[in-house]
Amino acid sequence: MSGGGDQLSFPAFRINIQKQSDPVGKIVECAVFLRTTHLVKEKKTWQKFSKRFFEVYRPTILEYFGYRPDVLEVKKVKVNDSRLFMAVMTALLKTGRFGCQAKELAVAIDSVFDPDLKYSSILQGLYDNLLEYESVLSFFTDYKKNDFK
């Protein structure tokens, strides 16, 4: 990974990294480099490479530091009324009850719950107006006004 090149080939990187004597160590070194270099912020080719790198190697990096996602396999919680569930999640998000962005909440919902929706539908639902569930939003808005911390 040279600093100036316009050509960053992730497929070539994947092949070459496996030829290293310590591929996992090199992957971790590359992760540190990609998180600390100014190139990722300044060049679209580096942004694209970095995004793909972390999509592919995130499990490897986490395992290197002792995290094992397969240690605990928990079944997703089935949601019986996905429209009401999404209305409540949306209302909580819009009233600032969650300390995250819609994308982060969508990932969490998709990971823990089974609302019988695809990720893209969950994310879109968090941006939608509540329409017939507007009273849910009103409830949480009013609750927030009267919340004494």
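Everything in the sequence shown is counted per my numbering, starting at 1278 for the first residue and increasing by one. Backbone N, C-alpha and C define an ideal beta-carbon position, used for all residues, glycine too.
Cβ-based burial, residue i [other Cβ within 10 Å; buried from 16]
i	result
residue 1339	exposed
residue 1367	buried
residue 1292	exposed
residue 1317	buried
residue 1377	exposed
residue 1402	buried
residue 1297	exposed
Selected residue, minimal CA-CA separation from residue i, among the options
i	options	result
residue 1342	1355, 1353 and 1304	1304
residue 1299	1332, 1337 and 1287	1337
residue 1355	1374, 1408 and 1388	1388
residue 1334	1294, 1351, 1352 and 1318	1294
residue 1371	1345, 1351, 1411 and 1353	1411
Distance CB(residue i)-CB(residue j) smaller than 8 Å
i	j	result
residue 1379	residue 1396	no
residue 1369	residue 1322	no
residue 1307	residue 1330	yes
Counterpart residues of residue i in DSSP-defined beta bridges
i	result
residue 1355	1391
CB contact check: residue i to chain B, cutoff 8 Å
i	result
residue 1396	Within the model displayed, chain B is absent; a lone protein chain is all it includes.
Margin query: Could you check whether the region 1387-1402 touches the region 1353-1373, counting it as contact only if at least three pairs of C-beta atoms, one from each stretch, sit closer than 8 Å?
Written below: yes
Margin query: With a threshold of 8 Å, are at least 3 pairs of Cβ atoms found where one atom belongs to the region 1377-1384 and the other to the region 1406-1417?
Written below: no
Checklist line | the region 1298-1312 in contact with the region 1326-1343 per 3-pair CB rule at 8 Å | finding: yes
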